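To start, the structure under review is shown below, and the notes come after it.
2 protein chains.
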Amino acid sequence: MSTSPSPSSSHPLDEALQLAAVAGAPGQYQGQTHPGYWNMVGPFGGVTAASLLQAILLHPDRLGDPLSLTVNYAGALVEGAFTIQAVPVRTNRSTQHWTLSILQADAEGAPVVTTTGTAVTAVRRETWSVGDMPMPEVTPAAALEPIARQGVEWINRYEMRPLKGPIPNTWDGTGDHSTTQLWMRDAPPRPLDFLALTALADVFYPRVWLRRARRVPAGTVSITVYFHARAEQLAATGTGHLLGQARGQEFRNGFFDQTAQLWNEAGAMLATSHQIVYYKE
Amino acid sequence: MSTSPSPSSSHPLDEALQLAAVAGAPGQYQGQTHPGYWNMVGPFGGVTAASLLQAILLHPDRLGDPLSLTVNYAGALVEGAFTIQAVPVRTNRSTQHWTLSILQADAEGAPVVTTTGTAVTAVRRETWSVGDMPMPEVTPAAALEPIARQGVEWINRYEMRPLKGPIPNTWDGTGDHSTTQLWMRDAPPRPLDFLALTALADVFYPRVWLRRARRVPAGTVSITVYFHARAEQLAATGTGHLLGQARGQEFRNGFFDQTAQLWNEAGAMLATSHQIVYYKE
């Protein structure tokens with residue numbers, strides 16, 4: 001007699017984010033890279049970030065929900081097993097501070113740090129609230145067709161409907177802005193949670209490609225995600241589309257920064273994000 | 001015979017950022033809180049962030065200049081001595097990844113983590129570059145008077161010339177935006193470097209005060225600074241004014257985020273910054 005996996009556990013994102021607690025080592029978890037989220041020379045960074053958050057969510061001592069997450073990509077993960085260490089270094093009344101790292105064995109079997117990070121989780125209370133950056137008025141997701149699947153493997157795990165600033169068709173150096181807007185969600189659709197939201201915050205292709213209309217080597221060095229939504233709000237968003245918006249601010253001597261906002265279809269800001277990205281030439 | 005301190009070492013910022021290497025403990029530095037940068041219940045967070053960067057700059061194994069810095073305020077520092085630990089966890093060909101922490105003894109003398117962080121330093125090479133967020137056209141600093149010194153002690157260490165969104169005069173709940181623009185520099189003027197720039201990125205008062213025109217308890221939980229300038233560009237900026245711009249994006253259930261940009265008078269983007277801030281009520 002065989003047991004079917006539940007619909008949720010069979011989603012590729014849930015497969016990619018599966019972690020096993022290491023017995024006798026609090027906060028230590030074993031994971032495996034997933035071929036479905038492979039990028040050019042390592043896993044999609046959004047899933048790496050979500051894996052670190054997963055370790056926090058699995059930790060028995062966790063207080064509250066994600067508030068902020070910073071992930072630094074020190075080196076590309078190679079295919080195979082990795083170890084996450086998540087340490088709650090300080091727990092206050094309503095906030096908890098985490099340090100994070102990913103280790104992988106090198107060719108000689110010695111552990112090497114591939115990724116570092118910090119996070120804050122928090123118990124949130126209802127307060128005066130206001131959105132001060134309204135969602136742009138755009139064509140609804142339902143009125144647009146998703147783009148054909150293409151490129152590196154992880155991109156196929158997302159349904160994307162570009163509104164502005166799609167990946168250039170011709171790399172002719174004519175770019176004049178760095179703003180992308182698109183509707184996006186997991187493919188196949190999966191109910192939104194903090195893990196999926198984290199990965200979605202890193203979906204945007206490198207701004208330098210758009211600004212220059214030139215495809216140069218580029219990779220995220222550090223990303224920060226600020227979570228503005230509660231778990232119930234993510235659950236209510238369900239498998240709906242998110243409007244993602246990203247733009248660069250400064251491209252200077254090998255690195256640019258990017259700011260991003262993610263709203264649900266109801267216009268609620270779920271997360272904001274920033275990253276600094278290496279580029280060549 | 002007495003020796004006069006050099007002009008630089010007598011600046012309050014340099015006093016506040018003085019660290020002493022702990023013999024036999026690589027990357028460990030002892031510092032002291034400085035009364036000149038005192039906030040309400042601890043030191044000005046910008047100086048705490050700059051102290052962490054100082055530990056990196058003093059570290060004998062450092063590669064390159066600051067690229068990104070994330071600081072998480074886990075608990076207020078108390079007056080007196082503190083210990084910084086700066087660890088270069090991974091050094092690549094042109095980037096280096098750091099983990100950071102500040103420890104202070106609690107009432108029983110046991111070390112407690114007050115602050116965590118990560119940073120990336122990098123060797124930067126000349127590449128194609130462009131500023132994609134031009135400096136707003138504003139009244140030059142020289143045409144404005146600095147505001148009178150006021151409030152908590154650290155504010156007196158900065159010369160500020162507000163252009164837009166000054167601290168409200170009346171707390172009557174009539175706020176309708178969260179954008180502040182001001183010219184700013186150290187007081188007394190001090191040649192700009194990465195340390196001063198880091199602290200300046202945190203000068204902005206809590207956006208929630210402006211958005212609500214209501215003064216509620218608020219404090220930074222986590223700040224990230226991305227550095228876009230080289231050391232030579234900071235040196236060329238000298239004691240000139242910086243245009244700082246900050247705005248909130250989402251105020252939701254006890255936390256808001258803030259994005260900020262810092263340009264020099266010549267219009268060069270020197271740093272961008274983001275933070276997530278706790279607020280009450």
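Just so you know, the sequences run in chain order A and B.
Quick note on numbering: the first sequence equals residues 1 to 281 in UniProt numbering.
Quick note on numbering: the second sequence equals residues 1 to 281 in UniProt numbering.
Glycine included, C-beta positions come from ideal geometry on N, C-alpha and C.
Computed from a predicted model, the values in this text were never measured in an experiment.
Exercise. Which chain A residues are close to Ser51 of chain B, counting only those with a beta carbon under 9 Å from its beta carbon?
Worked result: By Cβ distance, chain A contributes nothing, its closest Cβ being about 17 Å from Ser51 of chain B, past 9 Å.
For this session: Please state whether DSSP places Leu17 of chain A in a helix, a strand or coil.
Result: It is coil, neither helix nor strand.
Problem set entry | Among A:Gln275, A:Arg215 and A:Leu103, the one whose alpha carbon lies nearest that of Ala119 of chain B | A:Gln275
Exercise. Which full runs of the beta strand (DSSP E) of 3+ residues lie inside the segment 61-106 of chain A, going along the chain?
Worked result: 65-73, 81-91 and 95-105
For this session: Check the DSSP bridge columns for Gly117 of chain B and list the partner residues they point to.
Result: B:Val71 and B:Leu100
Exercise. Expressed to the nearest angstrom, what Euclidean distance is found between the alpha-carbon atoms of Tyr226 of chain B and Thr220 of chain A?
Worked result: Distance between the alpha carbons of Tyr226 of chain B and Thr220 of chain A: 13 Å.
Exercise. Using a Cβ cut-off of 8 Å, which residues of the segment 122-154 of chain A contact any Cβ in chain B, in chain order?
Worked result: Ala122, Arg124, Arg125, Glu126, Thr127, Trp128, Ser129, Val130, Gly131, Asp132 and Met133
Problem set entry | Among A:Gly24, A:Val22 and A:Leu13, the one whose alpha carbon lies nearest that of Trp38 of chain A | Of A:Gly24, A:Val22 and A:Leu13, the residue nearest in Cα terms is A:Leu13.
Problem set entry | Close beta carbons around Pro88 of chain A, own chain, < 6 Å, minus the five adjacent residues each side | Asp61, Gln96 and Trp98
Exercise. Mapping DSSP to helix, strand and coil, what is Ser222 of chain A?
Worked result: strand
Exercise. Is the segment 132-145 of chain B close to the segment 118-134 of chain A, with three or more CB pairs under 8 Å?
Worked result: no
Exercise. Is any beta-carbon of chain E found at less than 9 Å from that of Val41 of chain A?
Worked result: Included in the structure are the protein chains A and B, with no chain E among them.
For this session: Kindly indicate the opening and closing residues of the beta strand (DSSP E) around Phe251 of chain A.
Result: Leu242 to Arg252 is the span of the beta strand (DSSP E), which, as asked, contains Phe251 of chain A.
Exercise. Is any beta-carbon of chain A found at less than 9 Å from that of Glu250 of chain B?
Worked result: yes
Exercise. Leu57 of chain A versus chain B: which residues are under 8 Å apart at the beta carbon?
Worked result: Per Cβ cutoff of 8 Å: no residues; Leu57 of chain A is ~18 Å from chain B at best.
Problem set entry | Proximal residues of chain B, C-beta to C-beta of residue 357 of chain A below 7 Å | What is shown of chain A runs 1 to 281, which leaves residue 357 of chain A out entirely.
Exercise. Hey, does Ala229 of chain A have any beta-carbon neighbour from chain B nearer than 9 Å?
Worked result: Against chain B, the CB of Ala229 of chain A has a partner CB under 9 Å away; the residue lies at that interface.
Problem set entry | Member of B:Ala187, B:Gln32 and B:Trp128 whose CA lies at the smallest distance from the CA of Ile155 of chain B | B:Ala187
For this session: Report the rounded CA-to-CA distance for Leu19 of chain A versus Leu53 of chain B, giving the unit in angstroms.
Result: The alpha-carbon atoms of Leu19 of chain A and Leu53 of chain B are separated by roughly 34 Å.
For this session: Measure how close the beta-carbons of residue 291 of chain B and His228 of chain B come, nearest whole angstrom, since I'm counting them as under 8 Å.
Result: Nothing in the structure corresponds to residue 291 of chain B, since chain B is present only between 1 and 281.
For this session: Can you grab the Cα-Cα spacing for the pair Pro111 of chain B / Gln104 of chain B, in whole Å?
Result: Distance between the alpha carbons of Pro111 of chain B and Gln104 of chain B is about 5 Å.
Exercise. Rounded to the nearest angstrom, how far is the Cβ of Ala201 of chain B from that of Ala107 of chain B, given a contact under 8 Å?
Worked result: Taking a contact as a CB-CB distance under 8 Å, the pair Ala201 of chain B and Ala107 of chain B does not count as one, their CB atoms being some 33 Å apart.
Exercise. For the segment 187-206 of chain B, which residues have a CB atom closer than 9 Å to at least one CB atom of chain A, in sequence order?
Worked result: none
For this session: Output the distance between the C-alpha atoms of Pro5 of chain A and Val22 of chain A, rounded to the nearest integer angstrom.
Result: Interpretation of Pro5 of chain A is limited by its pLDDT of 44, a score under 50 that renders its predicted location unreliable; the figure taken from the coordinates is listed afterwards. Pro5 of chain A and Val22 of chain A have their C-alpha atoms spaced approximately 23 Å apart.
Exercise. Can you tell which of B:Ala260, B:Glu265 and B:Gly254 has the C-alpha that lies nearest to the C-alpha of Val123 of chain A?
Worked result: Of the candidates B:Ala260, B:Glu265 and B:Gly254, the one whose C-alpha sits nearest the C-alpha of Val123 of chain A is B:Gly254.
Exercise. For Asp257 of chain B and chain A, any beta-carbon pair shorter than 9 Å?
Worked result: yes
Exercise. Where do the N-terminal and C-terminal ends of the beta strand (DSSP E) with Arg211 of chain A fall, by residue?
Worked result: Segment Arg207 to Arg212 is the alpha helix (DSSP H) holding Arg211 of chain A; no beta strand (DSSP E) there.
Problem set entry | Nearest-angstrom Cβ-Cβ length linking Leu243 of chain B and Gln181 of chain B, presumed shorter than 8 Å | Yes, Leu243 of chain B and Gln181 of chain B are in contact; Cβ-Cβ is about 7 Å, under 8 Å.
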